[in-house]
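Student: I'd like to ask some things about the structure below.
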Amino acid sequence: MYGGGNTFEGIKTDSIALEDPIKLSEFEARIARGEKIEPSDWMPQLYRKQLIRMIEQHANSEIIGALPEGTWITRAPGFKRKMALMAKVQDEVGHAQLLYSAAETLGKSREQMIDDLINGKSKYSNVFNYPTFTWADCCFISWLVDAGAIVNQLANLKGSYGPYCRALDRICAEESFHLKYGHHCVIHLAAGTQKQRDMFQEALNRWWPPMMHFFGPSDKISAHTEILMRWKVKMGTNDEMRNQFLDMYVPKIWELGFTIPDPNLKKNSETGKWEYTEPDWAEFKRVINGDGPCNQERLAVRRAAEARGKWVREALKTPKTAYIMPLA
Ligand code: BYC
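In the numbering used here, the protein residues as written are 1063 to 1390.
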């Protein structure tokens, strides 16, 4: 198995205290020097476990994230928009492929990851559990959800795990086209009729709370940030990423004449940080744990796709391809 024969199931304990102290300090010194950790290098079990969790969730988010926009391909206004949206959705599925490969280098098989996704055992991004009622919802995702993803990914591609960083590097290049496309769609609505402007404003009002959740719980309650920052998997805290997004995109939203549904949103000129109404973390928890408006529908679609594609996977399986190495 790629990754030095380590398998996810083989992790008996993830306690840092039980790791070899000399190996641990060499590992941390490498990270401090800015070196990349590669699959066959020694790494603490907790580093492996955390990376699998995070990369797997990211991969899941890309394939589930293709669904809300995917349903708009046939209804996108005009041939050019249909073509562009189809290419974007295809890119998102490609990102999932890259990320599943990166996670596989750590010892968890793709089949296991897909099983855990469709059985509701693993997570994916909260935002994709909300419906896309109108074309403006689709535009919101293409512009602002992609923008949020880029803020997060541009930071983390400077992180410590080689295969994840290389995957993020390529993903960010493609995402930058998505962002331009999404921005163009929104400018078109903003410069259109009153009905078009209202349609985007209404979408923005619904999407703002999930967008604030997108960067994860506030630093005060985030479970994994501390260890992930220590090992340079995350290069910024959840609040730092949220702040950076607000800094870059609130002025752009206002510039287009839209309002943001948070009366407390303002930049504190002394701290340079944005102030906002504390997001509803109870709703966030409900949604990421399976009880959002679209969780059941999203997983049902993936389960159906898995079942329909089974014969293709079986047909492709040969003794030679069964041991193919991930390309991360
Ligand atoms: N949604 O300790 P915390 C895209 C969970 S796709 C759901 O702060 P962490 C796109 C978290 O997993 C790009 N769950 O976690 C695709 C943890 O639960 P567990 C998506 C979330 O890992 C198609 C618990 O809450 N981007 O943009 O330190 C079309 C505690 O949180 C979320 C990525 O995946 C959430 N938003 O930080 C268009 C980026 N937030 O595992 C667009 C990669 C938190 O203990 N991921 N949770 O059960 C990350 O950067 C980090 O994992 C996060 C969370 C910042 C998201």
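For each residue, glycine too, the CB sits at the ideal point set by N, CA and C.
#1: Could you tell me how far apart the beta carbons of leucine 1206 and tyrosine 1311 are, in whole angstroms, since I believe they sit closer than 8 angstroms?
#2: Starting from lysine 1242 and walking both ways along the alpha helix (DSSP H), at which residues does that stretch end?
#3: What do you get for asparagine 1068, buried or exposed, if any count of 16 or more other CB atoms within 10 angstroms of its CB means buried?
#4: Does isoleucine 1084 pass the burial test, meaning 16 or more other C-beta atoms within 10 Å, or should it be called exposed?
#5: What does a CB cutoff of less than 6 angstroms around arginine 1304 pick up in its chain, not counting 5 residues either side in sequence?
#6: With distances taken between CB atoms, is the gap from tyrosine 1192 to proline 1355 smaller than 8 angstroms?
#7: Given a cut-off of 8 angstroms on the beta-carbon distance, is the pair asparagine 1188 and isoleucine 1350 in contact?
#8: Counting along the chain, where does the alpha helix (DSSP H) carrying serine 1187 start and finish?
#9: Taking the alpha-carbon of phenylalanine 1190 as reference, which of Gln1358, Ser1087, Glu1368 has the nearest alpha-carbon?
#10: Just checking: is the beta-carbon of glutamate 1118 within a distance shorter than 8 angstroms of some beta-carbon in chain C?
#11: Measure the beta-carbon distance from alanine 1265 to threonine 1196 and round it to whole angstroms, keeping in mind my assumption that it falls under 8 angstroms.
#12: Shortest alpha-carbon distance to valine 1295 belongs to which of Asp1208, Gly1132, Met1105, Lys1282?
#13: Sorted by chain position, which residues of the same chain lie with C-beta nearer than 7 angstroms to alanine 1211's C-beta, five sequence neighbours on each side aside?
Tutor: Straight from the coordinates:
#1: Position 144 of the sequence shown holds residue 1206. Position 249 of the sequence shown holds residue 1311. That belief holds up - the Cβ atoms of leucine 1206 and tyrosine 1311 are roughly 6 angstroms apart, short of 8 angstroms.
#2: Residue mapping note: residue 1242 aligns to position 180 of the sequence shown, counting from 1. From DSSP, the alpha helix (DSSP H) with lysine 1242 extends over 1224–1252.
#3: Start at 1 with the first residue of the sequence shown, and residue 1068 comes out as number 6. Because the pLDDT of asparagine 1068 is 46, which lies under 50, any placement of that residue in the model is unreliable, and the question is left without a value.
#4: Translated into the one-based positions of the sequence shown, residue 1084 becomes position 22. It counts as exposed.
#5: The residue given as residue 1304 occupies position 242 in the sequence shown. So the qualifying residues of the chain are Phe1277.
#6: Here residue 1192 corresponds to residue number 130 of the sequence shown, with the count starting at 1. Here residue 1355 corresponds to residue number 293 of the sequence shown, with the count starting at 1. The answer is yes: Cβ separation under 8 angstroms.
#7: Along the sequence shown, one-based indexing puts residue 1188 at 126. Along the sequence shown, one-based indexing puts residue 1350 at 288. Going by C-beta atoms, asparagine 1188 is nearer than 8 angstroms to isoleucine 1350.
#8: Sequence index remark: in the sequence shown, residue 1187 carries index 125 (1-based). No alpha helix (DSSP H) contains serine 1187, which DSSP labels as neither H nor E.
#9: Residue mapping note: residue 1190 aligns to position 128 of the sequence shown, counting from 1. Out of Gln1358, Ser1087, Glu1368, Gln1358 has the C-alpha closest to the C-alpha of phenylalanine 1190.
#10: The chain labelled as chain C is not found in the depicted structure, where only one protein chain is given.
#11: Here residue 1265 is taken as the residue at index 203 of the sequence shown, counted from 1. Here residue 1196 is taken as the residue at index 134 of the sequence shown, counted from 1. Going by Cβ atoms, the distance from alanine 1265 to threonine 1196 rounds to 6 angstroms, so yes, they are a contact pair.
#12: Taking the sequence shown and counting its residues from 1, one reaches residue 1295 at position 233. Checking every option, the nearest Cα to that of valine 1295 belongs to Met1105.
#13: Here the question's residue 1211 lines up with position 149 in the sequence shown. Closer than 7 angstroms at Cβ, skipping near neighbours: Glu1237.
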